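Quick note, the sequences are listed as chains A and B, same order. Quick note on full-length UniProt numbering: the first sequence kicks off at 1 and runs consecutively. Quick note on full-length UniProt numbering: the second sequence kicks off at 1 and runs consecutively. In this text, a Cβ means the ideal position worked out from N, Cα and C, and glycines have one as well. What you are looking at is a predicted structure, and each value in this text was computed from that prediction instead of being measured.
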Amino acid sequence: MIRLSAIDQQLLGFFARFQAFFFLAWQAFVRIFHKPYYYRDFAIQFDKLGFSSLFICVLTGLFTGMVMALQALIQLKPFAATSYVGGMVAVTMIKELGPVLAALMVAGRVGSAITAELGTMVVTEQVDAMRVEGTDIIQRLVTPRLKAMLVALPLLTIITDAISMLGGYLIASGYGISPIMYLSTFTQFMVPLDYLEGVTKPLVFAFLITMISCQTGLNTGGGAEGVGAAAKRAVVLSSVLVLMCDFFIAKIFVVFR
Amino acid sequence: MNQVTEEQSIRMEKVCYTVGGRTILSDFDMELERGVNRTILGVSGSGKTTILKLILGLIHPQSGRVFINGLEITNRAEAEYREQRKKIAIVFQGGALFDSMTVGENVGYRLFEEGRLSQAEIEEIVQEKLRFVGVEPALDLYPAELSGGMKKRVAIARALAADPEYIFFDEPTTGLDPIGVYNIVSLMNRLQEAGKTTLMVTHDLPTAFATSQRFSLIHESRLAFEGTEAELRDCPLPNVQEFLQPTDKSLFV
Ligand SMILES: Nc1ncnc2c1ncn2[C@@H]1O[C@H](COP(=O)(O)OP(=O)(O)O)[C@@H](O)[C@H]1O
Ligand SMILES: [Mg+2]
């Protein structure tokens with residue numbers, strides 16, 4: 001037999017995990033359209049994922065919108081262009097910060113919870129028990145979470161965007177900008193494709209966060225300690241990947257603009 | 001998949017299993033015939049749980065073959081042996097009850113999943129199984145609210161709900177007080193009278209002798225002994241004697 005060097009083994013391990021990730025992702029995606037749909041699990045997950053993050057997304061949106069407006073106003077004032085503040089807040093929030101911040105909040109709040117929940121089920125042999133009972137565990141455990149996240153994250157992003165606009169206006173009104181002026185600059189800055197970008201991103205991020213969290217959770221080993229370590233790993237990995245993918249999606253949209 | 005067979009047994013042939021560069025099992029043979037209850041003995045960490053998971057197809061051996069009633073499950077996709085596997089139920093060491101569901105939902109899990117019976121029919125069966133194991137009042141409790149012994153009995157009820165031919169027990173008496181042990185042993189005996197074949201893995205000799213006719217001993221990843229109780233006691237091999245009368249008690253930690 002050929003002996004592999006340490007680096008080769010690391011690489012092989014990496015590619016094996018990479019492959020396993022895409023395999024699981026594909027399997028989970030395909031099962032969205034297959035019976036049984038497990039409506040109850042979907043509803044429970046949607047409730048857990050969506051509502052647990054609503055409040056932090058509202059706070060994040062409000063303060064980010066306010067600070068964006070504040071900084072933009074300082075920059076625009078010397079040029080007597082403070083009326084453009086609405087457009088600037090809209091562009092940064094809808095295209096970039098809304099999707100990214102909502103995704104990071106959800107990754108920290110929900111991604112870690114998914115990993116911990118599935119990890120606990122693995123180390124207490126509940127996942128094995130389910131398989132023995134004849135359940136397709138991807139269909140039962142992964143797909144409902146994926147569906148819930150694919151619906152919840154875009155909604156949370158839209159809410160974050162909307163609240164940040166409001167936050168931006170709170171600051172802008174202090175500089176004597178009327179609501180009409182604030183809103184009218186949106187069309188000058190934004191094209192329809194930008195709104196599409198604003199909802200494509202959360203869809204991709206939802207997929208990434210759920211699949212990384214589920215994959216990490218289902219491969220947990222090493223008892224209760226292993227669960228904590230897995231949750232941490234899942235959050236770090238999904239946060240980094242969200243930021244990286246954000247760039248690549250932006251790049252693709254720039255090409256079509 | 002549709003292979004017709006008269007064979008009524010579970011078989012492992014020359015099974016080798018390695019994980020993370022460590023050999024857990026090598027050339028392991030085992031046969032569980034219908035009606036002949038077996039215990040696999042071994043110290044902690046010797047690979048007993050691994051054997052059960054290999055038979056259930058939850059993990060796959062690097063080499064060797066596993067048969068359930070004549071169907072080889074080794075190197076088949078899970079979907080292909082899911083039906084055959086329904087002949088087996090398992091009581092995991094900690095019970096492995098689904099902690100997001102009530103006791104009733106746990107016991108009726110497979111029946112609810114299959115969706116062939118009405119709600120009322122399933123509830124009827126769940127009640128009956130819980131009565132059999134003696135934890136009927138726990139119907140609407142969650143697993144977190146049960147004691148260790150009750151969890152195991154609910155796990156047995158769940159295993160029974162699907163009316164399996166074989167029932168596996170992973171260390172069913174570990175961590176129980178003497179009364180708990182007695183309850184489990186008498187439950188196992190009643191199951192055997194009802195025509196179920198049991199395969200237990202444990203290091204608890206009295207329980208093994210009280211519930212089984214044949215014994216396998218696993219020592220350092222290999223089969224060290226296979227036979228009846230009398231043969232086990234008379235076996236001159238040092239590994240076997242060491243297990244029966246341990247001089248080093250730390251093996252049983
Ligand atoms: N997925 C795994 N990764 C690494 N080691 C494992 C894994 N599964 C089992 N083992 C090791 O295999 C050995 C046998 O495990 P197990 O079958 O659970 O033993 P037993 O049930 O007899 O106590 C243990 O030493 C355990 O550490
Ligand atoms: Mg074990």
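Quiz item: If you draw a straight line from the alpha carbon of B/Gln127 to that of B/Asp163, how long is it in whole angstroms?
Solution: 14 Å
Quiz prompt | Per-residue DSSP class, three states only, for B/Tyr166 | solution = strand
Quiz item: So B/Met12 is in the alpha helix (DSSP H); what residue range does that whole segment cover?
Solution: Looking at the DSSP string, B/Met12 is not in any alpha helix (DSSP H); the run it does join, the beta strand (DSSP E), is 9-19.
Quiz item: In chain B, which residues lie with their C-beta within 8 Å of the C-beta of A/Val132?
Solution: Leu56, Leu58, Arg85, Ile88, Ala89, Ile90
Exercise. Pick helix, strand or coil for B/Thr173, following the three-state DSSP scheme.
Key: coil
Quiz item: Helix or strand or just coil, what does DSSP make of B/Ile73?
Solution: coil
Practice problem: Give the interface partners of A/Thr124 over in chain B, defined as CB-CB distance under 7 Å, in chain order. | Solution: Gly94, Ala96
Practice problem: Spell out whether any CB of chain A is found under 9 Å from the CB atom of B/Met142. | Solution: Here residue 142 of chain B turns out to be Tyr, not Met, going by the sequence shown. For B/Tyr142, the answer is no, since every Cβ of chain A falls outside 9 Å of its Cβ.
Quiz item: Start and end of the alpha helix (DSSP H) containing B/Met200?
Solution: No alpha helix (DSSP H) holds B/Met200; the beta strand (DSSP E) holding it covers 197-202.
Quiz item: Given that a residue counts as buried once 16 or more other Cβ atoms are within 10 Å of its Cβ, and exposed if not, what is B/Asp234?
Solution: exposed
Quiz prompt | beta-carbon A/Gln126 near ligand 2 non-hydrogen atom, thresh 8 Å | solution = no
Exercise. Could you tell me which uninterrupted alpha helix (DSSP H) segments, each at least 4 residues in length, are contained entirely in the stretch 85-162 of chain B, listed from first to last along the chain?
Key: 103-107, 109-114, 119-133, 148-161
Quiz prompt | Contact test: B/Ser44 Cβ vs ligand 2 heavy atom, cutoff 8 Å | solution = yes
Quiz item: Hey, does A/Val254 have any beta-carbon neighbour from chain B nearer than 9 Å?
Solution: no
Quiz item: Thinking just about the alpha-carbon of each residue, which of A/Leu208, A/Leu150, A/Tyr84 is nearest to the one in A/Met190?
Solution: A/Tyr84
Exercise. Check the DSSP bridge columns for B/His219 and list the partner residues they point to.
Key: B/Arg222
Quiz item: Below 8 Å, can you find three or more Cβ-Cβ pairs linking the stretch 214-233 of chain B to the stretch 54-63 of chain B?
Solution: no
Practice problem: Compare the C-alpha of A/Gly61 against each of A/Asn219, A/Val236, A/Met165 and name the closest. | Solution: A/Met165
Self-check item: In DSSP terms, what B/Ile40 is bridged to
Solution: B/Val201, B/Ser216
Practice problem: Report yes or no: do the stretch 125-145 of chain A and the stretch 50-67 of chain A share at least 3 C-beta pairs separated by less than 8 Å? | Solution: no
Practice problem: Can you tell me the Cβ-Cβ gap for B/Ile122 and B/Gly108, rounded? I've got them flagged as a contact below 8 Å. | Solution: 5 Å
Quiz item: Should A/Thr115 and A/Ser213 be called a contact, given that it needs their Cβ atoms to be closer than 9 Å?
Solution: yes
Practice problem: Return the chain-ordered list of same chain residues with a C-beta closer than 7 Å to the C-beta of A/Gly65, the five sequence neighbours on each side being excluded. | Solution: Val89, Met93, Ile163, Ser164, Met165, Leu166, Gly167, Gly168
Self-check item: Proximity test, Cβ basis, 9 Å: B/Asp163 and chain A
Solution: no
Practice problem: Can you grab the Cα-Cα spacing for the pair B/Val240 / B/Val43, in whole Å? | Solution: 12 Å
Quiz item: So with Cβ pairs under 9 Å, would you call A/Asp47 a contact of chain B?
Solution: no
Quiz item: When you compare each of A/Gly13, A/Leu208, A/Pro99, A/Lys48 to A/Ser198 by their alpha carbons, which one comes out closest?
Solution: Sequence check: residue 198 of chain A is Gly here, not Ser. It is A/Pro99 whose Cα lies nearest to the Cα of A/Gly198.
Quiz item: In chain A, which residues lie with their C-beta within 7 Å of the C-beta of B/Glu113?
Solution: Glu133, Gly134, Thr135
Exercise. With DSSP as the reference, label B/Ile68 as helix, strand or coil.
Key: strand
Quiz item: What is the C-beta distance between B/Leu130 and B/Leu139, in whole angstroms, given that I count them as a contact (C-beta under 8 Å)?
Solution: 6 Å
Quiz item: Which residues of chain A have a Cβ atom closer than 9 Å to the Cβ of B/Tyr109, listed in chain order?
Solution: Ala129, Met130, Glu133, Thr135
Quiz item: Do A/Leu218 and A/Leu150 have their C-beta atoms closer together than 9 Å?
Solution: no
Self-check item: Reference A/Glu117, options A/Gln9, A/Lys232, A/Val67, A/Tyr39, closest by Cα
Solution: A/Lys232
Practice problem: Check whether the Cβ of residue 259 of chain A lies closer than 8 Å to any heavy atom of ligand 2, and answer yes or no. | Solution: This structure leaves residue 259 of chain A out entirely; chain A is present only between 1 and 257.
Self-check item: Buried/exposed call for B/Arg214, threshold 16 Cβ in 10 Å
Solution: buried
Quiz item: By Cβ distance below 7 Å, which residues in the same chain neighbour B/Ala224 in space, the five residues on each side in sequence not counted?
Solution: Leu217, Ile218, Leu237, Asn239, Val240
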